[in-house]
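Protein chains in written order, with numbering that gives the first Met the number 0: chain G, 0 to 237; chain B, 0 to 306; chain D, 0 to 107.
Each residue gets a CB set at the ideal place from its N, CA and C atoms; glycine is no exception.
Predicted model only: the values in this text are computed from it and were never measured.
Worksheet for the structure shown next.
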Amino acid sequence: MDWQTLATQLFPGGHAIVERDNFLSGSAQVDGATVDVIGTSGHVPIGIEIALAQATAILETVQAHPGRPILILVDTQGQRLRHRDEMLGINSYMAHLGKCVDLARRQGHTVIGLVYDQALSGGFITSGLIASACYALPQATIRVMGLPAMARITKVPEERLTELAQDNPVFAPGPENYLRMGGLHGIWERDLAQELVRALADCPHEDRRMALGQERGGRLLAQPVAAAVRTGSDVRPA
Amino acid sequence: MSSYLELTARQRIPAMFDAGSFEEFLPPSKRIASPHLAQLDAPVSYDDGVVVGRGLLGGHIVFGAAQEGAFMGGAVGEVHGAKLVGMLRRAIDEGAHAVLLLLESGGVRLHEANAGLIAVSEVMRAMLDVRAAGIPVVAVVGGANGCFGGMGIAARCANTVIMSEEGRLAMSGPEVIETANGVEEFDSRDRALVWRTTGGKHRYLLGDCQLLVADDTAAFRAAALEAIAALGAGAVGLTLEGLLAEQAMLARRLHDAEGVSEPMEIWRRLGVPDPARVPMLEADAFLTLAAQHRAGLPSDAAHTGEQ
Amino acid sequence: METLHFKFGAGERPLTGAAQMVGVVGSGNLEVLIEAAPLGGACEIDVHTAAVGFGAIWGAVMEDFHARWRLADARISINDNGATPAVVSLRLDQAVESLLGPATGGTP
Numbered sequence: 000m001d002w003q004t005l006a007t008q009l010f011p012g013g014h015a016i017v018e019r020d021n022f023l024s025g026s027a028q029v030d031g032a033t034v035d036v037i038g039t040s041g042h043v044p045i046g047i048e049i050a051l052a053q054a055t056a057i058l059e060t061v062q063a064h065p066g067r068p069i070l071i072l073v074d075t076q077g078q079r080l081r082h083r084d085e086m087l088g089i090n091s092y093m094a095h096l097g098k099c100v101d102l103a104r105r106q107g108h109t110v111i112g113l114v115y116d117q118a119l120s121g122g123f124i125t126s127g128l129i130a131s132a133c134y135a136l137p138q139a140t141i142r143v144m145g146l147p148a149m150a151r152i153t154k155v156p157e158e159r160l161t162e163l164a165q166d167n168p169v170f171a172p173g174p175e176n177y178l179r180m181g182g183l184h185g186i187w188e189r190d191l192a193q194e195l196v197r198a199l200a201d202c203p204h205e206d207r208r209m210a211l212g213q214e215r216g217g218r219l220l221a222q223p224v225a226a227a228v229r230t231g232s233d234v235r236p237a
Numbered sequence: 000m001s002s003y004l005e006l007t008a009r010q011r012i013p014a015m016f017d018a019g020s021f022e023e024f025l026p027p028s029k030r031i032a033s034p035h036l037a038q039l040d041a042p043v044s045y046d047d048g049v050v051v052g053r054g055l056l057g058g059h060i061v062f063g064a065a066q067e068g069a070f071m072g073g074a075v076g077e078v079h080g081a082k083l084v085g086m087l088r089r090a091i092d093e094g095a096h097a098v099l100l101l102l103e104s105g106g107v108r109l110h111e112a113n114a115g116l117i118a119v120s121e122v123m124r125a126m127l128d129v130r131a132a133g134i135p136v137v138a139v140v141g142g143a144n145g146c147f148g149g150m151g152i153a154a155r156c157a158n159t160v161i162m163s164e165e166g167r168l169a170m171s172g173p174e175v176i177e178t179a180n181g182v183e184e185f186d187s188r189d190r191a192l193v194w195r196t197t198g199g200k201h202r203y204l205l206g207d208c209q210l211l212v213a214d215d216t217a218a219f220r221a222a223a224l225e226a227i228a229a230l231g232a233g234a235v236g237l238t239l240e241g242l243l244a245e246q247a248m249l250a251r252r253l254h255d256a257e258g259v260s261e262p263m264e265i266w267r268r269l270g271v272p273d274p275a276r277v278p279m280l281e282a283d284a285f286l287t288l289a290a291q292h293r294a295g296l297p298s299d300a301a302h303t304g305e306q
Numbered sequence: 000m001e002t003l004h005f006k007f008g009a010g011e012r013p014l015t016g017a018a019q020m021v022g023v024v025g026s027g028n029l030e031v032l033i034e035a036a037p038l039g040g041a042c043e044i045d046v047h048t049a050a051v052g053f054g055a056i057w058g059a060v061m062e063d064f065h066a067r068w069r070l071a072d073a074r075i076s077i078n079d080n081g082a083t084p085a086v087v088s089l090r091l092d093q094a095v096e097s098l099l100g101p102a103t104g105g106t107p
């Protein structure tokens, strides 16, 4: 889905979002209130410029619109793979974006992520995955890496990875798997505007994703292991 | 001089913490291993590649972790990530004096794909929760495998990053970039270029690393003590002022690098005389030179770390 | 992956102290977890290895190891990533020495 169609469905009350070099920014009306929006489009790779642009927009919201909710629209093929980005410290630009989102949250802004097309790895970690809650459309693709590259790096045959990517929650790229593992809070199937209203009203403050992963059966060890380490007790699997 | 780089994670812990003080949480005798590696015929480790626990550092209670770079590249899987998050949450519960992270990682463990990706983001949030609780977080990057991927991002969520010249801190590894965009984009076999691009000296000059030491465990330990002591005095959580300052630094960095593709040119524009000599300089000589020219935040001058 | 079990009865030397771990599961390497356990005097060793089909060699290494140390009430667990017999023997000896040798700082 292209971002304009998405915006029309998300914001029946209207929006003032603009796109420049695949960077989305602006505001929108949700249930009578204004929401600030940032994001990416066109499966763009996240390089230092877009990471910085998103972070700049977040801090502008924090300064100019205290308490205003923030929606992050995610469509990216992951971090940009260029020498220049590494030279200039893209990890720092990404961390900076994540820290800005975290500050916004602590200052009382509700931050929601929505993967509406693609989300890969580094392009997702400090946007959707650091929001208070992240959602996805049913047709979204969320993955760590393409299978051929993964096969090259892990030395696991591509056929084996392809086989696993069919139905193994750890490898399959569908949002249903991320939902089961606790990475996503929900998948928005029908009335996107209503889903957004609900998400803004029902937003968690703490990171409960491990517990969600255990409850939903997709990640059975993370929560018990973290709890065992935290309390000095034994691991009690579900 | 005792090399930090050559030690295993288990050996680095007693080298950094006060003698005999470290207690490991969920030790290997509990045999909690990865549930995902068997399906890929990969061997497990009973600590899943990370040691977490609590010890004394200069007499203060400090929680810590050490990633084992030799196991799965130190990459983060479900159990590995959960151990880190559990330790970070416990540090808040028990009012730790600081958290010390000895990082050596390729980032998300590809063998655990989705679970690893979510785990890394949980580690990042937990690190920021620790800082929000007023507890300083110090990251040490001095292992042979460097600190890459999602952990390269996580490292820059710490208050202070300590590196050696041998350490590397980045997002994507040179091999990944070369595979994606060709050898002209990044020749992964050009080691000198790799270190100019991602190594400790470059990161220190850029302002992404606040303390640079020789590859020596005593030097790393002293730097950790210094970093924690300096941070104790000021705010360690995220602030709007701090992030605005960091944003200005990153914007200036981008602006000043217009048209630049070679790290030595960045150093030259910072005012470093004879940048080609930088890789050859010993630690002390380098630090003296860097002090006059390195970028960074005003707070760096007192080694208080940054946002 | 292959899992092998070895059991040696009538050991002579018991272990004391907390469990120890030596080595790392890197390429060509292995980790050895060693601990005291109530096994009626026996020494039990379980091996989980990425190198399949070398049972006889592992057996020979373990025989030599037991002849060398004759541990009693000891449990040893190994995660192996293709180490040579020489490296396996070395790590086993290091593991035993970590418990029977001079006390090291902290719990591993």
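Using DSSP with H/G/I as helix, E/B as strand and the rest coil, what is residue i?
| i | result |
| --- | --- |
| residue 167 (chain G) | coil |
| residue 26 (chain G) | strand |
| residue 176 (chain G) | helix |
| residue 238 (chain G) | No answer is possible for residue 238 (chain G): it lies beyond the span of chain G, which begins at 0 and ends at 237. |
| residue 212 (chain B) | strand |
| residue 12 (chain B) | helix |
| residue 159 (chain B) | strand |
| residue 20 (chain D) | strand |
| residue 78 (chain D) | strand |
| residue 103 (chain B) | coil |
If you count every other CB in all the chains shown that lies within 10 Å of the CB of residue i, and 16 or more means buried, which is it?
| i | result |
| --- | --- |
| residue 5 (chain D) | buried |
| residue 116 (chain G) | buried |
| residue 102 (chain D) | Bear in mind that a pLDDT of 39 at residue 102 (chain D), under 50, signals an unreliable position, so the number given afterwards is only what the model happens to contain. The residue is exposed, with fewer than 16 neighbouring Cβ atoms inside 10 Å. |
| residue 2 (chain D) | exposed |
| residue 37 (chain D) | exposed |
| residue 154 (chain G) | exposed |
| residue 95 (chain B) | buried |
Would you say residue i faces chain B, with C-beta separation under 8 angstroms as the test?
| i | result |
| --- | --- |
| residue 107 (chain D) | Only weak support is given to the placement of residue 107 (chain D): the predicted model assigns it a pLDDT of 45, under 50, and the value that follows is read from those uncertain coordinates. Judged by the 8 angstroms Cβ criterion, residue 107 (chain D) is in contact with chain B. |
| residue 1 (chain D) | no |
| residue 6 (chain G) | no |
| residue 66 (chain G) | no |
| residue 113 (chain G) | no |
| residue 102 (chain G) | yes |
| residue 95 (chain D) | no |
| residue 220 (chain G) | yes |
| residue 157 (chain G) | no |
| residue 18 (chain G) | no |
At a Cβ threshold of 8 angstroms, is residue i touching chain D?
| i | result |
| --- | --- |
| residue 9 (chain B) | yes |
| residue 45 (chain B) | yes |
| residue 1 (chain B) | no |
| residue 375 (chain B) | Absent from the model: residue 375 (chain B). The displayed extent of chain B is 0 to 306, so no value can be given. |
| residue 40 (chain B) | yes |
| residue 168 (chain B) | no |
| residue 28 (chain B) | yes |
| residue 213 (chain B) | no |
In angstroms with no decimal places, state the Cα-to-Cα distance between residue i and residue j.
| i | j | result |
| --- | --- | --- |
| residue 194 (chain B) | residue 82 (chain B) | 31 angstroms |
| residue 301 (chain B) | residue 137 (chain B) | In this prediction, residue 301 (chain B) scores a pLDDT of 45, lower than 50, which makes its location untrustworthy; no coordinate-derived value is stated. |
| residue 253 (chain B) | residue 263 (chain B) | 15 angstroms |
| residue 98 (chain G) | residue 36 (chain G) | 17 angstroms |
| residue 79 (chain B) | residue 119 (chain G) | 21 angstroms |
| residue 121 (chain G) | residue 132 (chain G) | 18 angstroms |
| residue 3 (chain B) | residue 166 (chain B) | 10 angstroms |
| residue 59 (chain D) | residue 83 (chain D) | 13 angstroms |
| residue 56 (chain B) | residue 64 (chain D) | 39 angstroms |
At a Cβ threshold of 8 angstroms, is residue i touching chain G?
| i | result |
| --- | --- |
| residue 257 (chain B) | no |
| residue 114 (chain B) | yes |
| residue 176 (chain B) | yes |
| residue 285 (chain B) | no |
| residue 292 (chain B) | no |
Give, in chain order, every residue of the region 55-69 of chain B whose Cβ lies closer than 7 angstroms to some Cβ of chain D.
Listed in chain order, the positions of the region 55-69 of chain B with a beta carbon within less than 7 angstroms of a beta carbon of chain D are 67 and 69.
Check each residue of the region 192-205 of chain G: if its Cβ is closer than 8 angstroms to any Cβ of chain B, include it; give the result in chain order.
So the list is empty, because no residue satisfies the distance condition.
At a Cβ cut of 8 angstroms, what residues of the region 68-96 of chain B count as close to chain G, listed as they run along the chain?
For the region 68-96 of chain B, which is checked against every Cβ of chain G, the residues closer than 8 angstroms are 77, 78, 80, 81, 82, 84, 85, 86, 88, 89 and 92.
Contacting positions in the region 48-66 of chain D - beta carbon closer than 8 angstroms to chain B
Under the 8 angstroms Cβ criterion, the region 48-66 of chain D contributes 48 and 49.
Which residues, taken in chain order from the region 235-247 of chain B, show a beta carbon closer than 7 angstroms to some beta carbon of chain G?
Identification of residues in the region 235-247 of chain B having a C-beta nearer than 7 angstroms to some C-beta of chain G yields 237, 239, 242, 243, 245 and 246, given in sequence order.
Under 7 angstroms (Cβ pairs) to chain B, residues found in the region 12-25 of chain D
Under the 7 angstroms Cβ criterion, the region 12-25 of chain D contributes 18, 20, 23, 24 and 25.
Residues from the region 32-44 of chain D in contact with chain B, defined by Cβ distance under 9 angstroms:
Those would be 32 and 34, in chain order.
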